[in-house]
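Numbering (this note's numbering), first residue to last: 815 to 950. Everything below concerns the one structure shown next.
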C-alpha cells in the first residue's frame, strides 16, 4: 500500500461558482490518460453551488451534515450522510448546505475529451433556495 501525503491545500470556492463560503479539498486528480477527479467539498450553512451541468455526469456522495439539491424543473431534495446522488450528463442542477447546517460531500467527475468537467451557469436565487422543504 502506498500512502500519499496531502500536498494540496484546501482552497476557497470561487464566488463565480458558489454562493456563500465553500471550501474544496482535492482527493483525486488522476494523471492522463485518466480523466477522473474527486473533490471533498465543505459547504457552510446556506452555501450552495450555482446552477451548473457536467458533460459526463457527476456523482455526489454526502459524508457529513444535511444538504439540498435540485435538478432544473424538479423538486428540492434533502440529502444526508450516505446519500448518493447521480446527476446525468448535461443535467442542470445545484447542491449545497441546508440553511442551518454544514454539509460535506465527495464530488466525483470525469472530464470530457476537451478536458471540461463542469459548465457553470447563473447563481441559484434566494427565492429558488428558499423553496426548500422543511429540514427534519
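Ideal Cβ placement from N, Cα and C applies to all residues, glycine included.
In the three-state reduction of the DSSP assignment, residue 941 falls in the helix class, which pools H, G and I. In this chain, the beta strand (DSSP E) harbouring residue 909 covers 907-911. Taking a C-beta distance under 9 Å as the contact criterion, residue 885 and residue 901 qualify as a contact pair.
Counting along the chain, the unbroken beta strand (DSSP E) around residue 898 starts and ends at 898-901. Assignment of residue 914 by DSSP, reduced to helix, strand and coil, places it in the coil class.
Annotation: residue 935 is outside any beta strand (DSSP E) and is labelled neither H nor E by DSSP. In the three-state reduction of the DSSP assignment, residue 880 falls in the coil class. Under the three-state reduction of DSSP, residue 854 is assigned to strand.
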